[in-house]
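First comes the structure, then the notes that go with it.
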Amino acid sequence: MGIVVFGAVFVDIKGNPFNIFIPQGRNEGMVENVHGGVARNVVEDIANIELRPTFVSLVDDSAMGEEVINKLKNHKVNTDYIRKTPDGMGTWLAIFDNDGDVYASISKRPNLHPITDILDEQGDEIFKDADSICVEIDMDKDVIKRIFKLAKKYNKPVYGVVSNMSIAVERRDFITDTDCFVCNIQEAGLLFSDDYCEKTSEEMETILAKKISGAKIKRMIVTMGDKGAVYATLDGEHGFCPAKNVHVKDTTGAGDSFFAGVAIGQTYGKTLAESCEIGSRLAASVICNSENVCPRFQPEEFDLDVVVED
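Position 225 of the sequence shown, counted from 1, bears residue number 225 in this note's numbering, the numbering being contiguous throughout.
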């Protein structure tokens, strides 16, 4: 079944100014609706490496929900475990400045509790043949509990990502159960109750190694934008992965692509450093365009020895 991804679908409403962005003014620009959501982006990124992932999620019982499913099918995502339900998708409204960074945003989260029904009815068949599990840690607590219970039952590695760290900080016990947890530097600050935004990569590498030792997190990666990413493990390994030098058009989805690359690398036998390198390359490919996901690649481009079945 390949990599199985659990999480939410969002509709991203993105506004980009044509001219100099004036925060308090009326800015002429372009507004577009894009399929989004951390997990939805991640599963499409994985599919774009031709790895045939499975998505367990919800969509609205509407034309937009059907459109989301059809797009994922076209990218060769297994959508058998996506259910249509009222309020199945969230909404993210974001305004971007002239540097392609989010200036302000508001999000409406969906009700993901019906995923528990999918797990109760089909959880065993989903987990039995999975290569690994990717999960948004800030989903409904009952959903997360069932996911980790099934992962333990079938001895499957779980890779954790976050869309709302304010919720995820209440799930520290689940974070310690992940085989690798990935977040950005602002989210790491929330998790460890500190501000790391001015830290250099060298400083952050040392801090992370110490923090995960105390928190008993097996492996953790912190992305730092154009400063690259740092990683550390409970076994004492730690290091730094530089960012790719590319022109920034839109940063939306870059973190999701980085996580997808890490999950791919870890699932298919790469070291943590090699996994970060895959993530860095995918993230760079995303910020060069206005899409939320990476373009098409072949597994061989990342030295992945994976048998892909259509």
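For each residue, glycine too, the CB sits at the ideal point set by N, CA and C.
> Would you call S132 buried or exposed, if buried means 16 or more other Cβ atoms sit within 10 Å of its Cβ?
Replying inline: That one is buried.
>> For a test of the three-state rule: what should DSSP assign to P299, helix, strand or coil?
In response: Per DSSP, reduced to three states, the secondary structure at P299 is helical.
> How is R219 classed by DSSP in three states: helix, strand or coil?
Replying inline: strand
> Since S57 contacts G15 with CB under 8 Å, what's their CB separation in whole angstroms?
Replying inline: About 26 Å; that fails the 8 Å criterion.
> Are there 16 or more other CB atoms within 10 angstroms of the CB of S275, so buried, or fewer, so exposed?
Replying inline: buried
> With distances taken from CA atoms, which of G239, V248 and L282 is nearest T200?
Replying inline: It is G239 whose Cα lies nearest to the Cα of T200.
> Would V161 pass as a contact of D179 if the rule is Cβ separation under 7 Å?
Replying inline: no
>> I need the straight-line Cα distance from A51 to E237, nearest angstrom please.
In response: In the sequence on display, residue 51 carries Leu and not Ala. Roughly 28 Å separates the two Cα atoms.
> Do you know whose CA, among C294, V43 and V11, lies nearest S136's CA?
Replying inline: The sequence as given places Glu at residue 136; Ser does not occur at that position. Answer by Cα proximity: V43.
> What are the start and end residues of the alpha helix (DSSP H) that includes L282?
Replying inline: L272 to I287
> How far does the beta strand (DSSP E) with K84 in it reach, from first residue to last?
Replying inline: N78 to K84
> To the nearest angstrom, how far is it from the Cα of R171 to the Cα of D138?
Replying inline: 7 Å
> Where L234 and E187 are concerned, what is the direct C-alpha to C-alpha distance, given to the nearest angstrom?
Replying inline: 20 Å
> Could you check where the beta strand (DSSP E) with S57 kicks off and where it finishes?
Replying inline: T54 to V59
> Can you name, in chain order, every residue of its own chain whose Cβ lies under 7 Å from the Cβ of D195, other than the five neighbours on each side?
Replying inline: G189
>> Give the list of continuous beta strand (DSSP E) stretches no shorter than 3 residues that lie fully inside the region 202–247.
In response: Qualifying beta strand (DSSP E) stretches, in chain order: 219–223, 229–233 and 238–241.
> Can you pull the DSSP bridge partners for C183?
Replying inline: V222
> Is it the case that the Cβ atoms of C241 and E277 are separated by a distance below 7 Å?
Replying inline: Their beta carbons are under 7 Å apart, which means C241 touches E277 by this criterion.
>> Taking the straight line between their C-alpha atoms, what separation do you get for V246 and N98?
In response: 16 Å
>> Mapping the DSSP letters down to three states, classify C89 as helix, strand or coil.
In response: It is worth fixing the name first, because residue 89 is Met in this sequence and not Cys. In the three-state scheme derived from DSSP, where H, G and I count as helix and E and B as strand, M89 is classed as coil.
>> Distance check for S213 and D226, CA to CA, integer angstroms please.
In response: 26 Å
>> Let me make sure I understand the geometry here. Which of Q122, V59 and T54 has the alpha-carbon closest to that of G37?
In response: V59
> Quick one: what's got a C-beta closer than 6 Å to F297's C-beta in the same chain, skipping five residues either side?
Replying inline: The beta carbon of F297 lies closer than 6 Å to those of I49 in the same chain, with the five residues before and after it left out.
>> Assuming G279 and F259 are in contact, meaning their beta carbons sit under 8 Å apart, how far apart are those beta carbons, in whole angstroms?
In response: Contact flag correct, Cβ pair sits at about 7 Å.
> Going by DSSP, what residues sit across from A47 in a beta bridge?
Replying inline: Partner(s): none; A47 has no beta bridge.
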